[in-house]
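In what follows, a single structure is set out as structure tokens and then discussed.
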Amino acid sequence: LETFVGHQVLRIKTRNEEQLKKLRFLETLDHLELDFWLNPSTPALPVDVRIPAHSLQAVKIFLESHGIEYSILIEDLQVILDREKQDIVASQQ
Amino acid sequence: MERSSSTFNYGTYHSLASIYQELDNLASEYGNIVSKIQIGESYEKRPLYVLKFSTGRGNRPAIWLDAGIHSREWVTQASAMWIAKKIASDYGNDPSITSLLNNLDIFLLPVANPDGYEFTHTTNRMWRKTRSKNSGSLCIGVDPNRNWDAGFGGPGASSNPCSDSYHGPRANSEVEVKSVVDFIKNHGNIQAFLTLHSYSQLLMYPYGYKCTPPADNAELNTIGKAAANSIRSLYGTTYTVGSICSTIYQASGGSIDWSYDYGIKYSFAFELRDTGRYGFLLPAAQIIPTAEETWLGLKTIMEYVRDNPY
Numbered sequence: 735l736e737t738f739v740g741h742q743v744l745r746i747k748t749r750n751e752e753q754l755k756k757l758r759f760l761e762t763l764d765h766l767e768l769d770f771w772l773n774p775s776t777p778a779l780p781v782d783v784r785i786p787a788h789s790l791q792a793v794k795i796f797l798e799s800h801g802i803e804y805s806i807l808i809e810d811l812q813v814i815l816d817r818e819k820q821d822i823v824a825s826q827q
Numbered sequence: 054m055e056r057s058s059s060t061f062n063y064g065t066y067h068s069l070a071s072i073y074q075e076l077d078n079l080a081s082e083y084g085n086i087v088s089k090i091q092i093g094e095s096y097e098k099r100p101l102y103v104l105k106f107s108t109g110r111g112n113r114p115a116i117w118l119d120a121g122i123h124s125r126e127w128v129t130q131a132s133a134m135w136i137a138k139k140i141a142s143d144y145g146n147d148p149s150i151t152s153l154l155n156n157l158d159i160f161l162l163p164v165a166n167p168d169g170y171e172f173t174h175t176t177n178r179m180w181r182k183t184r185s186k187n188s189g190s191l192c193i194g195v196d197p198n199r200n201w202d203a204g205f206g207g208p209g210a211s212s213n214p215c216s217d218s219y220h221g222p223r224a225n226s227e228v229e230v231k232s233v234v235d236f237i238k239n240h241g242n243i244q245a246f247l248t249l250h251s252y253s254q255l256l257m258y259p260y261g262y263k264c265t266p267p268a269d270n271a272e273l274n275t276i277g278k279a280a281a282n283s284i285r286s287l288y289g290t291t292y293t294v295g296s297i298c299s300t301i302y303q304a305s306g307g308s309i310d311w312s313y314d315y316g317i318k319y320s321f322a323f324e325l326r327d328t329g330r331y332g333f334l335l336p337a338a339q340i341i342p343t344a345e346e347t348w349l350g351l352k353t354i355m356e357y358v359r360d361n362p363y
């Protein structure tokens with residue numbers, strides 16, 4: 735069973751096409767194992783991405799070093815997953 | 054205990070087995086208008102079931118509605134089940150539903166990607182793709198909403214089998230996609246193609262594989278806005294309406310682009326309620342409110358389809 739302990743979901747806000755290009759580059763880096771929930775499209779729309787714990791530091795440094803604004807949408811994905819599982823079990827009972 | 058659709062809890066998430074059991078219950082309880090049809094089987098040999106809502110014989114004009122092609126978007130499968138019960142139980146009681154079903158059929162595929170759905174329950178809650186093997190790669194699965202024969206392999210789809218938006222080796226390579234395509238072609242009289250996704254509260258029409266507006270842009274936009282107003286009327290949930298390309302991003306190989314180019318004018322994709330706070334883990338307490346408001350939007354489109362045949 736795959737767990738998501740320490741995975742965070744970031745909401746990234748880009749200001750211009752240049753920053754979007756940086757995010758599209760990030761998307762090509764397979765080793766980071768990023769899961770884009772909202773892909774980079776236009777600066778008007780946010781980008782949401784799930785980041786495994788092992789890639790968090792690298793991604794945040796990348797964003798900060800390019801002056802790209804982000805906020806944390808989900809602090810720890812596994813916490814929400816556990817809650818969902820409890821809800822299902824409780825409902826079945 | 055014998056189960057029936059009156060004991061099924063529509064306000065919680067269910068396993069595939071439980072959903073499939075409920076399809077039988079609905080078909081049995083509302084046998085006069087509901088029947089279960091198998092339109093194919095998934096890569097891992099799970100049946101693909103469609104509920105047919107019909108009050109007449111023959112090949113009447115019909116509306117297609119599917120949910121759960123992206124398996125982790127659980128609120129869509131759950132909403133589809135609530136909607137199935139709503140259609141069945143309102144026939145004969147609600148004049149709008151009664152009139153709808155007296156004029157056309159509805160086909161509802163509540164779990165368009167059963168392998169993926171099972172995988173989200175057992176192994177990886179965040180799984181989105183099918184579970185087909187990709188030759189030459191260790192990575193599994195194809196994004197079934199990049200696999201339709203509409204600008205296949207173009208912008209907004211990945212050629213990397215490890216990507217969550219991998220388009221697959223060729224259009225219709227996924228049996229889940231091919232089964233729907235074959236069903237719709239064989240039917241020959243589908244007037245509307247509606248598909249449920251979830252995450253960012255959008256109501257979209259073609260195109261996604263290109264950024265030029267469709268021939269029916271103005272009409273689709275008007276219908277979409279009317280549907281979005283209906284959705285908002287219940288709990289104030291706001292939807293953005295527009296073409297896939299203009300509202301989100303270019304994405305090729307999507308289902309409604311295929312259906313529109315195939316000749317099904319009323320082709321829409323819904324992205325159901327989700328504030329972004331929960332991702333694909335919308336709390337179960339929000340299933341019924343989501344389904345209720347979605348149904349209002351769907352009903353607006355369905356009534357338009359009924360009143361404006363082409």
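Sequences listed follow chains A and B, in order.
All residue numbers for the first sequence refer to this note's numbering, where the first residue is 735 and numbers rise by one.
All residue numbers for the second sequence refer to this note's numbering, where the first residue is 54 and numbers rise by one.
Glycine is no exception: its CB is placed at the ideal position from the N, C-alpha and C atoms.
Keep in mind the model is a prediction, meaning the values are calculated, not measured.
Are the C-beta atoms of residue i and some chain A residue less than 8 Å apart?
i	result
Ser253(B)	yes
Gly169(B)	no
Leu334(B)	yes
Arg330(B)	yes
Ile297(B)	no
Val337(B)	A small fix is needed here, since residue 337(B) is Ala in this sequence, not Val. Yes, because at least one Cβ of chain A sits closer than 8 Å to the Cβ of Ala337(B).
Asn62(B)	yes
Ile122(B)	no
Cys215(B)	yes
Ala344(B)	no
Ile341(B)	no
Tyr288(B)	no
Tyr302(B)	yes
Tyr260(B)	no
Among the options, which one has its Cα closest to the Cα of residue i?
i	options	result
Gln244(B)	Tyr357(B), Met134(B), Gly206(B) and Ile317(B)	Ile317(B)
His369(B)	Asp327(B), Ser211(B) and Gly241(B)	Nothing in the structure corresponds to residue 369(B), since chain B is present only between 54 and 363.
Ser190(B)	Asn198(B), Thr173(B) and Pro214(B)	Pro214(B)
Arg784(A)	Glu798(A), Ile806(A), Ile795(A) and Glu751(A)	Ile806(A)
Ile814(A)	Thr343(B), Glu345(B) and Leu334(B)	Leu334(B)
Phe321(B)	Ser88(B), Trp117(B) and His67(B)	Trp117(B)
Arg359(B)	Glu75(B), Ala115(B), Glu227(B) and Thr60(B)	Ala115(B)
Phe36(B)	Leu247(B), Pro336(B), Lys89(B) and Gly221(B)	No answer is possible for residue 36(B): the residues shown for chain B start at 54 and end at 363.
Phe278(B)	Ala268(B), Tyr313(B), Ile193(B) and Phe323(B)	Rather than Phe, the amino acid found at residue 278(B) in this sequence is Lys. Measuring from the Cα of Lys278(B), the nearest candidate turns out to be Phe323(B).
Thr175(B)	Ser312(B), Tyr63(B), Pro336(B) and Leu69(B)	Leu69(B)
Thr353(B)	Gln339(B), Ile341(B), Asn200(B) and Ser286(B)	Ser286(B)
Ser312(B)	Ala337(B), Asn198(B) and Tyr357(B)	Asn198(B)
Asn239(B)	Ile86(B), Tyr315(B), Ser188(B) and Gly84(B)	Tyr315(B)
Asp158(B)	Asp77(B), Ser107(B) and Ile86(B)	Ser107(B)
Gly207(B)	Cys192(B), Gly194(B), Ala224(B) and Ile193(B)	Ala224(B)
Could you check whether residue j and residue i sit closer than 8 Å to each other, using their CB atoms as the reference points?
i	j	result
Ile297(B)	Gly332(B)	no
Thr183(B)	Asp202(B)	no
Leu766(A)	Ala787(A)	no
Gly121(B)	Tyr66(B)	no
Asn112(B)	Gly241(B)	yes
Ile368(B)	Thr265(B)	Outside the modelled stretch of chain B, which goes from 54 to 363, sits residue 368(B), for which no answer is possible.
Ser218(B)	Ser211(B)	yes
Leu325(B)	Thr173(B)	no
Gln820(A)	Thr737(A)	no
Glu809(A)	Gln742(A)	yes
Ile340(B)	Gly64(B)	yes
Val230(B)	Asn200(B)	yes
Would you please verify whether the beta carbon of residue i is less than 8 Å from any beta carbon of chain B?
i	result
Glu736(A)	yes
Leu744(A)	no
Ile808(A)	yes
Arg749(A)	no
Using beta carbons (cut-off 8 Å, strictly below), is residue i in contact with chain D?
i	result
Lys238(B)	Of the protein chains in this structure, namely A and B, none is chain D.
Give the residues from the segment 176-190 of chain B that approach chain A closer than 7 Å (Cβ to any Cβ), ordered along the chain. Thr176, Asn177, Arg178 and Met179
Chain B contacts from the segment 772-788 of chain A (Cβ-Cβ distance under 9 Å): Leu772, Asn773, Pro774, Ser775, Thr776, Leu779, Pro780, Asp782 and Arg784
Given 8 Å, three or more beta-carbon pairs between the segment 219-238 of chain B and the segment 267-276 of chain B: no
Does the structure place the segment 167-181 of chain B close enough to the segment 107-127 of chain B that three or more beta carbon pairs sit under 8 Å? yes
Tell me whether the segment 251-260 of chain B and the segment 287-307 of chain B touch, counting them as touching only if at least three CB pairs, one residue from each stretch, are closer than 8 Å. yes
Three CB pairs or more closer than 8 Å across the segment 337-353 of chain B and the segment 297-310 of chain B: no
Residues from the segment 813-824 of chain A in contact with chain B, defined by Cβ distance under 7 Å: Ile814, Leu815, Glu818, Asp821 and Ile822
Could you name the residues of the segment 65-98 of chain B whose beta carbon sits closer than 7 Å to any beta carbon of chain A, in the order they occur along the chain? Thr65 and Tyr66
Assess contact between the segment 134-141 of chain B and the segment 88-96 of chain B, defined as three or more Cβ pairs (one per stretch) separated by less than 8 Å. Is contact present? no
Touching or not, the segment 145-154 of chain B and the segment 820-827 of chain A, by the rule of three or more beta carbon pairs under 8 Å? no
Are the segment 791-810 of chain A and the segment 737-751 of chain A touching by the rule of at least three beta carbon pairs closer than 8 Å? yes
Taking 8 Å as the threshold, find out whether the segment 157-165 of chain B comes into contact with the segment 97-104 of chain B through three or more Cβ pairs. yes
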